[in-house]
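Following the numbering used here, the numbering of the sequence shown begins with 36 at its first residue and continues without gaps. Here a beta-carbon is modelled for each residue, glycine too, at the ideal position from N, C-alpha and C. The model shown is predicted, which means the values in this text are computed figures rather than measured ones.
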Amino acid sequence: MAKRIFTSIALLILIAVTSFPVYAAFPGELYDNDEFDFSVPEGLESRVKFWKKVYTQYSTQHAIIHDIDDLNVIYDVVYLGDKPLSSRQRRRKLRPYIRKYKKILRKLARQKDYNNLDYEEERIY
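See below:
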């Protein structure tokens with residue numbers, strides 16, 4: 036009986052110890068942000084800013100429709116839903132949005148007078 040109680044207690048201790056996350060702090064693995072120079076090369080500032088925005092404000096459930104040359108220009112952010120989608124499903128879901136913005140951009144490229152733009156055209160212009 037005592038052996039069984041001892042085994043049960045040992046098993047409970049083992050489960051309790053292994054169920055908590057373990058944080059190893061080896062010398063040299065803990066740094067302050069000031070110790071690193073994360074300078075951004077000249078000319079890449081806007082791209083770094085874009086990717087910081089992507090990774091801090093959006094999840095994998097979002098698709099960002101942006102200008103290919105100027106990443107600061109974001110036309111739309113599309114929520115893709117809670118369920119994971121295949122690449123094909125993502126493309127299908129995004130197709131109408133991409134068509135919409137292509138149409139607006141083509142119209143703006145042909146336009147000579149920008150005084151009579153609708154809301155979306157004005158926002159994109």
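Considering only the alpha carbon of each residue, which of the options lies closest to residue i?
i	options	result
I159	F73, K128, N107, D117	N107
T95	L152, R125, Y136, E156	R125
W88	H101, E155, G116	Looking at the sequence itself, residue 88 is Lys, so the reference to Trp does not match. Here the closest residue by C-alpha is H101.
S81	H97, R123, P131, I109	I109
D117	I103, R130, A98, R134	A98
I133	N150, I103, V75, Y149	I103
What's the gap between the Cα of residue i and the Cα of residue j?
i	j	result
F73	V83	11 Å
Q146	K138	12 Å
S141	D105	As written in the sequence, residue 141 is Arg, which differs from the Ser given in the question. Each residue's Cα considered, the two are about 17 Å apart.
Y114	L152	27 Å
Y90	D111	16 Å
R123	P131	14 Å
W86	L79	11 Å
Leaving aside the five residues before and after residue i along the sequence, list all residues of the same chain whose C-beta is less than 8 Å from its C-beta, in chain order.
i	result
L120	K128
Y93	I99, V112
Y58	Residue placement at Y58 is poorly supported in this model, since its pLDDT is 48, which falls under 50; the coordinates are not used for a value here.
Grouping DSSP H, G and I as helix and E and B as strand, with all else coil, what is residue i?
i	result
E155	helix
Y93	coil
I103	coil
V75	coil
V112	strand
Assuming residue i and residue j make a contact with CB atoms under 8 Å, what is their CB distance in whole Å?
i	j	result
E156	L143	6 Å
Does any CB atom of chain C fall closer than 8 Å to the CB of residue i?
i	result
Q96	As a matter of chain content, chain C is missing from the structure shown, which is built from one protein chain.
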